[in-house]
Amino acid sequence: MRDANEPEPVSMTVNGHRETARVTPRTTLADCLRHDLRLTGTHLGCEHGVCGACTVLLDGAPVRSCLTLAVQADGAAVETVEGLAERDGNKAVMHPLQEKFWQHQALQCGFCTSGFLMAGVVAVEEEPAMSRERIRERLSGNICRCTGYQPIVDAVVEYSEERSRHE
């Protein structure tokens, strides 16, 4: 009989790279990303799925990686904040939404930033020409204690406007 706590292999494509880790059935995707794959941009805040700091994309959909088991991602594509920047030789080039966050000073402590970036990217991909109110609604599942949200919304608004102009 198989031990339920015995680690088993899980394979996923993370930020375009095939990765394999050995995890127990109860290991969360957040813990697998952070501890097994050493991708520490995904932050753990509440560990109850409330704050949104751990948001990643699983097959293109935003999920709370603290509530998602690593075994649920077996065979899936996972995108983390580390995958947003493009590589230009040895230099990382920020994603346009990361640029907007920087320009609007949409981060202070930075703890929530990765979750907001992932939620913002998918929101704008799904709805390129969102109103300010719709952006607030789409980001409402993420919590920030530092910025007062206005700079975050401003950054996503500008990114959304630029995306809709180029489509």
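So for the sequence shown, UniProt numbering puts the first residue at 1; every next one is plus one.
Just so you know, even glycine gets a beta-carbon here, dropped at the ideal spot from N, CA and C.
These figures come from a predicted structure and were not determined experimentally.
1) Counting pairs of Cβ atoms below 8 Å between the segment 43-57 and the segment 146-159, do you hit three or more?
2) Sort out for me which residues DSSP pairs E79 with in a bridge.
3) Can you tell me the Cα-Cα spacing of V78 and T68, whole angstroms?
4) Per DSSP, D88 forms a beta bridge with which residues?
5) Using the beta-carbon count (16 or more within 10 Å), is T28 buried or exposed?
6) Count the other C-beta atoms from every protein chain shown that fall within 10 angstroms of the C-beta of V93, then say buried if there are 16 or more, exposed otherwise.
7) Since I believe T80 is in contact with L33 (beta carbons under 8 Å), could you give me their beta-carbon distance rounded to a whole number of angstroms?
8) Can you check DSSP and say which residues form a bridge with E8?
9) Specify the secondary structure class of V50 as computed by DSSP and reduced to three states.
10) Classify D59 as buried or exposed, calling it buried when 16 or more other Cβ atoms lie within 10 Å of its own Cβ.
In brief:
1) no
2) Within the sequence shown, numbered from 1, the residue matching residue 79 stands at position 79. Per DSSP, L57.
3) As a working mapping, residue 78 is identified with position 78 in the sequence shown. As a working mapping, residue 68 is identified with position 68 in the sequence shown. Answer to the nearest angstrom: the Cα atoms are 12 Å apart.
4) Translated into positions along the sequence shown, residue 88 becomes position 88. BP columns for D88 point to K91.
5) Residue mapping note: residue 28 aligns to position 28 of the sequence shown, counting from 1. Label assigned to T28: buried.
6) On the sequence shown, position 93 is the one that residue 93 refers to. Exposed, because fewer than 16 other Cβ atoms sit within 10 Å of the Cβ of V93.
7) Locating residue 33 in the sequence shown gives position 33, counting from the first residue. Locating residue 80 in the sequence shown gives position 80, counting from the first residue. Confirmed, Cβ separation roughly 6 Å.
8) Sequence index remark: in the sequence shown, residue 8 carries index 8 (1-based). Answer by DSSP bridge pairing, in chain order: V23.
9) Position 50 of the sequence shown, counting from 1, holds the residue named residue 50. Of the three classes helix, strand and coil, the one that applies to V50 here is coil, per DSSP.
10) Along the sequence shown, one-based indexing puts residue 59 at 59. When all chains shown are included, D59 counts as exposed.
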